[in-house]
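Working notes for the structure below.
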Amino acid sequence: MKKQDKILTIILIAGLFVFILSADLFFDSYIKRVLNLCAIYTILALSMNLINGFTGLFSLGHAGFMAIGAYVVGIFTVPVEMRSMVFYLKPMHPLIANIELPFFAALILGGLLAALVAFLIGAPVLRLRDDYLAIATLGFSEIIRIIITNAQSITNGSLGIKNIPPTANIWWIFGTAFVTIVFIILLISSSYGRAFKAIREDEIAAEAMGINLFNHKVLSFIIGAFFAGIGGGLYGALLGTVDPKNFLFVLTYNFLLIIVLGGMGSVSGTIISAFIVTAGQEWLRFLDEPLSIGSFDIPLFRPGFRMVVFSILLMLIVLFYRNGLMGTKELNWDMLKRIGSKFSFKRPKGGEAK
Amino acid sequence: MSNVVPILKTQGITMRFGGITAVNNLSIEVNPGEIVALIGPNGAGKTTAFNMITGVYTPTEGRIIYCGKDITGMKPDQITKNGIARTFQNIRLFKKLSVLENILIARHLRLKSDFLSATLRLPQYRMEEKQMREKVDVLINEFGLSKYQHEVASSLPYGVQRRLEIARALATEPSLLLLDEPAAGMNPKETEELTHFIRDIKERYNLTVFLIEHHMELVMEISERIYVLDFGETIAKGTANEIQNNPKVIEAYLGVEEDA
Amino acid sequence: MSSTTLQHLANGVSLGSLYALVAIGYTMVYGILRMINFAHGDIFMMAAYFAFFGIATFRVPWPFAFIGVILATALLGMLVERSAYRPLRDAPKNSILISAIGVSFLLENLANYLFSGKPKAFPEITFFANTVVIGGVSIQVITFFIPAVTMIILAILLYIINRTKLGMAMRAVSKDYETAMVMGIDINKVIAATFAIGSGLAAMGAIMWGIKYPQVQPMMGVMPGLKCFIAAVIGGIGNIKGAVIGGFILGLGEILLVAKLSSLTGYRDAFAFILLILILIFRPTGILGEKTTEKV
Numbered sequence: 001m002k003k004q005d006k007i008l009t010i011i012l013i014a015g016l017f018v019f020i021l022s023a024d025l026f027f028d029s030y031i032k033r034v035l036n037l038c039a040i041y042t043i044l045a046l047s048m049n050l051i052n053g054f055t056g057l058f059s060l061g062h063a064g065f066m067a068i069g070a071y072v073v074g075i076f077t078v079p080v081e082m083r084s085m086v087f088y089l090k091p092m093h094p095l096i097a098n099i100e101l102p103f104f105a106a107l108i109l110g111g112l113l114a115a116l117v118a119f120l121i122g123a124p125v126l127r128l129r130d131d132y133l134a135i136a137t138l139g140f141s142e143i144i145r146i147i148i149t150n151a152q153s154i155t156n157g158s159l160g161i162k163n164i165p166p167t168a169n170i171w172w173i174f175g176t177a178f179v180t181i182v183f184i185i186l187l188i189s190s191s192y193g194r195a196f197k198a199i200r201e202d203e204i205a206a207e208a209m210g211i212n213l214f215n216h217k218v219l220s221f222i223i224g225a226f227f228a229g230i231g232g233g234l235y236g237a238l239l240g241t242v243d244p245k246n247f248l249f250v251l252t253y254n255f256l257l258i259i260v261l262g263g264m265g266s267v268s269g270t271i272i273s274a275f276i277v278t279a280g281q282e283w284l285r286f287l288d289e290p291l292s293i294g295s296f297d298i299p300l301f302r303p304g305f306r307m308v309v310f311s312i313l314l315m316l317i318v319l320f321y322r323n324g325l326m327g328t329k330e331l332n333w334d335m336l337k338r339i340g341s342k343f344s345f346k347r348p349k350g351g352e353a354k
Numbered sequence: 355m356s357n358v359v360p361i362l363k364t365q366g367i368t369m370r371f372g373g374i375t376a377v378n379n380l381s382i383e384v385n386p387g388e389i390v391a392l393i394g395p396n397g398a399g400k401t402t403a404f405n406m407i408t409g410v411y412t413p414t415e416g417r418i419i420y421c422g423k424d425i426t427g428m429k430p431d432q433i434t435k436n437g438i439a440r441t442f443q444n445i446r447l448f449k450k451l452s453v454l455e456n457i458l459i460a461r462h463l464r465l466k467s468d469f470l471s472a473t474l475r476l477p478q479y480r481m482e483e484k485q486m487r488e489k490v491d492v493l494i495n496e497f498g499l500s501k502y503q504h505e506v507a508s509s510l511p512y513g514v515q516r517r518l519e520i521a522r523a524l525a526t527e528p529s530l531l532l533l534d535e536p537a538a539g540m541n542p543k544e545t546e547e548l549t550h551f552i553r554d555i556k557e558r559y560n561l562t563v564f565l566i567e568h569h570m571e572l573v574m575e576i577s578e579r580i581y582v583l584d585f586g587e588t589i590a591k592g593t594a595n596e597i598q599n600n601p602k603v604i605e606a607y608l609g610v611e612e613d614a
Numbered sequence: 615m616s617s618t619t620l621q622h623l624a625n626g627v628s629l630g631s632l633y634a635l636v637a638i639g640y641t642m643v644y645g646i647l648r649m650i651n652f653a654h655g656d657i658f659m660m661a662a663y664f665a666f667f668g669i670a671t672f673r674v675p676w677p678f679a680f681i682g683v684i685l686a687t688a689l690l691g692m693l694v695e696r697s698a699y700r701p702l703r704d705a706p707k708n709s710i711l712i713s714a715i716g717v718s719f720l721l722e723n724l725a726n727y728l729f730s731g732k733p734k735a736f737p738e739i740t741f742f743a744n745t746v747v748i749g750g751v752s753i754q755v756i757t758f759f760i761p762a763v764t765m766i767i768l769a770i771l772l773y774i775i776n777r778t779k780l781g782m783a784m785r786a787v788s789k790d791y792e793t794a795m796v797m798g799i800d801i802n803k804v805i806a807a808t809f810a811i812g813s814g815l816a817a818m819g820a821i822m823w824g825i826k827y828p829q830v831q832p833m834m835g836v837m838p839g840l841k842c843f844i845a846a847v848i849g850g851i852g853n854i855k856g857a858v859i860g861g862f863i864l865g866l867g868e869i870l871l872v873a874k875l876s877s878l879t880g881y882r883d884a885f886a887f888i889l890l891i892l893i894l895i896f897r898p899t900g901i902l903g904e905k906t907t908e909k910v
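If you want it as structure tokens, here you go:
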């Protein structure tokens, strides 16, 4: 990295720090919540992009891994004295009923458990290709959810777990997101990351270059699942409650939308897109409310319209803008400087070559 | 001559797909330092033979011995780690990645650091990455690829792509290099250059070369020995001279008795 | 045989037949385009809504309503193919997969928006709701009607595939796409026809599903859709008879699992996925599928 770019990066990080600080102090709880959600979705989408975009494995199991992380945080951070109130239908299993963990420990445990499950699932499914892999991972995500729904004495079944302490404030969440982003950038720019990309580009050639396909696929899958578990843990703590219905496989489609829009195989694209999509979904809530100008009711606006708009958006990107915002490229200072200079002194004339 | 241990030896390898026998009872010996060619008409089973040797297919019958070690049934990545590298008939580069990345990837197999030390850039990994880049730099310079370093593989001219594929194969540090139709799509002048090039890298990297090729001038010029396949059967073997005068080979190529 | 066993068997066979009808649509599309039509289950859901509105809202007599529903659904299937899959035919496989997921997502959200998320009761049709008493158990007419219709459809379909010009073209396209094109087969027409037939069958499945399990809601196609895809994989994807066999295995298995091991009722939906994973590990080509090797 050039010296000037290094300085710019430090300024950017400092700027973000100031932003979070002022957000924490001055923003109302709704905006903070939306920002937190954006950061959590960044973690989730980025970890899914590691598997799907960088390693080229079409996995749809993210909701399941997320559920594991969320439940571990739910199960182990609810204060022991409150548990009988939460588990009122059937008491918690005696083995875990008295174990209470600090939030950070529970969060890491959730990530590790998600990674362990990914390891066990990976052995059979990562030998499959494309759409078979998609359906098998989706299947496992549902199996995880079904097990959670049925394991009443551990997860409280379909009642869900309430009263999760709201430890996950904006610092926790943005801090974790930052660590995740840095970790993934370092990973994909290492030799392992190059091996992942090789697998994405051409499995046969990658194998001929001495890359053990299976080991590397499992590795990518496990790391992705670990961060999905972490994201899920933060999500559970932010919501204060987890419920099996929160983790239907349709949730995975949200992350898919984010990585397709941002670019399969682009970290910066994913981050930008996670914020656009998540904040967009919140701020477009007015689409779900009846809207009238004067006495005239605008006919389209009623519950459900927002999601229709989002699904049409996904279709438009897939059909006409297949590479998303960034494709496999990354935003860097050179690119920003170019864009900046274009806007500041020479307005682009029509038909500029890209 | 008799006490030379072959670097590669196949013992009656056979490959059947359903009812079709693509290669039947193929026995080949390649000695260290040799350039050996495998020729034959289209569909004779040459690439299938390569795929068996490199582990893409496991032969239905027979054994493959490399450096005295039975490698039959090993996975392609293990075989590459053992020292056999290859190129592909229809160039298989990592198309969207840069020339540099393409070659760096081929050095990943020699990496000792685990993913955590790599991600956290621990000293051992940093040292390995530095050495990796130095070696790749040397290859890039020797193959005349420095001006393309940061370009995406798919954007390179065809001949350069072929060269890159060989450079990438050499980055895995092989003793035996398998080239699947390296001159495909080249004009006579380029083929001529390639002939020298293959000889040159063979000497420089201390290689044994086993190649499939259709350009007979190239084959006859550089191969010390030649095997001829037709419909999966080995119909001839010998030096260039012997092969050129072998009636069976002429028949197979001209299709004297067959309907053409 | 006890009377409850008989009842379970009858239910299993009729559920299996429904799965079979929908699974055929997956298998036909996969055979030709080598893609999972993720939206197939949602086309099934739309058909159920069409039937609901036809009978309950517009009061069309049921035989006519059903024909209308089948035609409308076939059109919907062709529209999806034309607008979301055809433009991506030469795109990487993942793009088509994402597009299919996108269509599925869109149809679900559209149904939720247009018809509201609240479940609607499928209108009762006296003819099918009547019961007959066999061996001491009363069973609804629909329970017999479903397997009978499925068998007739299967016979017609096999005739079309094996004896007609369209069927020959379909087989040619599924064997070798490029060669079929070179031989002058109008690929677009064949693919459109495949989607029309597959969606039409899904419509029949949806109508009978609605009669048997009278509730219509936007997510109703998701689970049956996934299970029918699994049925197609179990039978050997691309193989129509295989899809039917897979449908029966899944339908019967599910009903018997719930009946015989009632403690596992909560795991009913997991059963199909576990079966899928087992089959993918031990016999990835399914029961009737052929092995293919990738060319290097």
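Chains E, P and G, in that order, are what the protein sequence lines are. So that you can map any letter, position 86 of the first sequence is 86 in our numbering, and since no number is skipped, the others follow by simple counting. For any residue, its number in our numbering is found by taking its place in the second sequence, counting from 1, and adding 354. For any residue, its number in our numbering is found by taking its place in the third sequence, counting from 1, and adding 614. We put the CB at the ideal spot given by N, CA and C, even for glycine.
Residues bridged to residue i (per DSSP)
i         : result
Phe-371/P : Ile-374/P
Ser-752/G : Val-747/G
Lys-734/G : Val-830/G
Phe-296/E : Ile-293/E
Gly-592/P : Ile-580/P
Inter-residue Cα distance where the pair is residue i and residue j
i         : j         : result
Leu-524/P : Lys-449/P : 18 angstroms
Lys-734/G : Ala-670/G : 10 angstroms
Leu-533/P : Ala-594/P : 18 angstroms
Gly-366/P : Gly-900/G : 33 angstroms
Phe-214/E : Pro-430/P : 12 angstroms
Arg-475/P : Asp-468/P : 11 angstroms
Ile-801/G : Leu-902/G : 26 angstroms
Thr-588/P : Asn-379/P : 8 angstroms
Pro-348/E : Ile-339/E : Unreliable placement is indicated for Pro-348/E, whose pLDDT of 45 sits below 50; the coordinate value is still reported in the next sentence. So the alpha carbons of these two residues sit roughly 10 angstroms apart.
Pro-601/P : Thr-412/P : 33 angstroms
Reduced DSSP category for residue i - H, G, I as helix; E, B as strand; rest coil
i         : result
Arg-522/P : helix
Glu-535/P : coil
Thr-55/E  : coil
Thr-549/P : helix
Lys-779/G : helix
Gly-416/P : strand
Tyr-88/E  : coil
Ser-529/P : coil
Asn-853/G : coil
Leu-690/G : helix
Arg-440/P : strand
Cβ-heavy atom distance, residue i to the ligand SAM, below 6 angstroms
i         : result
Phe-469/P : Among the components modelled here there is no ligand, and therefore nothing to report on the ligand SAM.
Partners in chain G for residue i, counting only beta-carbon separations shorter than 7 angstroms
i         : result
Arg-322/E : Ala-705 and Ser-709
Distance between beta carbons of residue j and residue i, contact taken as under 8 angstroms
i         : j         : result
Gly-74/E  : Ala-114/E : Actually they are not in contact, since the Cβ atoms of Gly-74/E and Ala-114/E sit about 14 angstroms apart, beyond 8 angstroms.
Met-66/E  : Gly-232/E : 3 angstroms
Ala-714/G : Met-660/G : Going by Cβ atoms, the distance from Ala-714/G to Met-660/G rounds to 15 angstroms, so no, they are not a contact pair.
Contact set between residue i and chain E, taken where Cβ atoms lie within less than 8 angstroms
i         : result
Gly-716/G : Ser-311, Leu-314, Met-315 and Val-318
Gly-880/G : Ile-146, Thr-149 and Asn-150
Met-649/G : Asp-131
Thr-473/P : Phe-183, Leu-186, Leu-187, Ser-190 and Tyr-192
Neighbour list for residue i in chain E, Cβ cutoff strictly below 9 angstroms
i         : result
Ala-816/G : By Cβ distance, chain E contributes nothing, its closest Cβ being about 18 angstroms from Ala-816/G, past 9 angstroms.
Pro-701/G : Leu-319 and Phe-320
Within chain P, the residues that residue i reaches when beta carbons sit closer than 7 angstroms
i         : result
Arg-83/E  : What Arg-83/E touches in chain P: nothing, since even the nearest Cβ is about 36 angstroms away.
Ile-211/E : Asp-431, His-462 and Leu-463
Contacts that residue i makes with chain G (C-beta to C-beta distance below 8 angstroms)
i         : result
Asp-297/E : The premise fails here: Asp-297/E is roughly 16 angstroms from chain G at the closest Cβ pair, so nothing lies under 8 angstroms.
Amino acids of chain E, ordered along the chain, whose beta-carbon sits closer than 7 angstroms to that of residue i
i         : result
Pro-430/P : Glu-207 and Ala-208
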